[in-house]
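See below for the structure under consideration.
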Amino acid sequence: MGNLNFPEETFVVVATGREAKTFYVRSGSLEHDGDWTPGDLADQGPSGKSPPEQSARESMEATFSKIIAEQLYDLAHKGAYERLILVADPDTLGEIRPLLHQEVSDKIVLEQAKTLINSPVADIEKSLAQ
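Here my numbering is used: the first residue of the sequence shown is 1, the next is one more, and so on.
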């Protein structure tokens, strides 16, 4: 039994502008569910018009933030989760937050502006338990 004090089946997304890892809380620990990358969810563009000074990398990260928000909505709408923990680097979290549908926002039980994508699961759990 792990040390996470979140209800079973809480969905956890750990993201950056380039990738995301998904987990479910099971028996007080994180169980890896899958990985999302921009290539997995193709044919998308950033929300709205990109400013001319935006680099290709920034555009890709904005696009991926939009994809994450849409994927979270699709999963929420399908009943894949009732509670959500969203962990992302500050820039990505700032990109994702305004794109989230109210149905997703209502399910958020914890938000962390941290870069944990390359951290071991034990370190992610420790961060969430604080």
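Every residue gets a Cβ at the ideal spot worked out from N, C-alpha and C, and that includes glycine. These numbers were taken from a predicted model, which means no experiment stands behind them.
task = State yes or no: is the C-beta of leucine 93 within less than 7 Å of the C-beta of isoleucine 108?
result = Pairing leucine 93 with isoleucine 108 gives a Cβ-Cβ distance that is not under 7 Å.
query = Tell me, which residues are paired with alanine 15 by DSSP?
reply = Paired residue(s): Ala20 and Ala88.
key: Unbroken beta strand (DSSP E) run spanning glutamate 111, endpoints   = For glutamate 111, the enclosing beta strand (DSSP E) covers residues 108–113.
query = Looking only at its own chain, which residues have a Cβ that is under 7 Å from the Cβ of tyrosine 73, when we skip the five neighbours before and after it?
reply = Leaving aside the five residues that flank tyrosine 73 on each side, the residues in its chain whose CB is nearer than 7 Å to its CB run, in chain order, His101, Glu103 and Val104.
Bounding residues of the beta strand (DSSP E) (the contiguous stretch that carries glutamate 103) = DSSP places glutamate 103 outside any beta strand (DSSP E); the residue lies instead in the alpha helix (DSSP H), whose first and last residues are 102–105.
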